[in-house]
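Okay, so the sequence shown: first residue is 8 according to the working numbering, each after it adds one.
The block underneath contains the structure these notes are about, expressed in structure tokens.
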Amino acid sequence: MITILILLAGLQIHEWGVITQNPLSFCGAVPEADFMENELEDRAPVVYFHGDPCTVTVKINFPGMGYATSVLPEADEGGSSSTYIVWNDLELTESPEPGLIEGWDGHEYLNFPVPLWRQVDALCITSDDRYDRFIYYECVPGNPGELPFISESGNQSFRIPYGEIPCLVLTSAGERPMYGLFTLADILTSIPKGLQFLDEPEHLKRELRHWADGILNQDEFDSFWNTWEARFLADSSTDIMILYMVPREIVDQIAPMEIITDTRMEVEINRFIIAELPYRTQ
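Structure follows, in structure tokens:
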């Protein structure tokens, strides 16, 4: 009897993004009339593909009245202001075919350093006559109450099962940034003592890199950090900011992702979403 082993090719998806509570810095496609005070946004989720070349369809949904606000490349179904996104037949290759145009149409209008994102060592993605190293979307989550911790109108919302999640506290004293590493349970009633001056941004970067271990490659994390460093280290003299990694099961509730390949292929999805939210709002 002859046994034939079929080796399944593999595809890995790595995603990073930041959930914020700052409509003033919003850069999506929803009109200002649709803004809600303190509306949460999942900003700059950037998605990379690693592994064997293939063709994929990517589906992302936003349950509970969530909706997309910005999409690159243009979606084949759904898209901006819709409750779902579908990209059909994205071609993943080691390098682009000759004659294609680099950069998704509309990327120049984003308030983000898009060139950083395409420096990541990932598969090339082709859609129509264009290519890039990432796909991108932003959304307003439809289930903000699912997050382990939010603060709105001076009230804290905290989910007990997630009390042991590490969080970084960021504030300022005398125009100097300060930080501390605690758990969400530690900050339930007040910020504990123990904040220290953040003399080197590398200290904060090191903590976040630890959270991303096993989820992002180093160049992907560098892309994430270089995109968000200025925001994380901005003046926090009026608001104390909390950073924590959103558990995978909650990310999948807010924005479930499905990857369908054209061949028999194992798919692994890794998602690194950070919540960067004020400790209290008035």
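Backbone N, C-alpha and C fix where the C-beta goes; we use that ideal spot for every residue, glycine too.
Exposure of N118 is indicated by the presence of fewer than 16 other C-beta atoms within 10 angstroms of its C-beta. One alpha carbon belongs to A51, the other to E22, and they sit about 10 Å apart. By the beta-carbon neighbour count (other beta carbons within 10 angstroms, threshold 16), Y116 is exposed. Annotated three-state conformation of G181 is coil, per DSSP. Note on geometry: alpha-carbon atoms of I280 and V25 lie some 6 Å from one another. As the crow flies, the alpha-carbon of R166 is around 5 Å from that of P155. DSSP, read as helix, strand or coil, puts G152 in helix. Assignment of K200 by DSSP, reduced to helix, strand and coil, places it in the coil class.
DSSP, read as helix, strand or coil, puts Q28 in coil. Within a 10 Å sphere around the beta-carbon of P184 sit 16 or more other beta-carbons, which makes this residue buried.
Distance from the Cα of L240 is smallest, within the candidate group N277, M252 and K212, for K212. Its Cα nearest to that of D139, the residue I108 stands out among G152, I108, S164 and P151. Taken in chain order, the unbroken stretches of beta strand (DSSP E) that lie wholly in the segment 232 to 280 and span 3 residues or more are 248 to 252 and 264 to 268. Here the C-alpha atom of N233 lies approximately 31 Å from the C-alpha atom of D96. Apart from the 5 residues on each side of it in sequence, D246 sits with its Cβ closer than 6 Å to the Cβ of P285 in its chain, given in chain order. Take the alpha-carbon of P208 and the one of K200: they are about 21 Å apart.
Each residue's CA atom was taken as its position, placing I142 and L79 some 6 Å apart. For H217, the enclosing alpha helix (DSSP H) starts and ends at P208 to A219.
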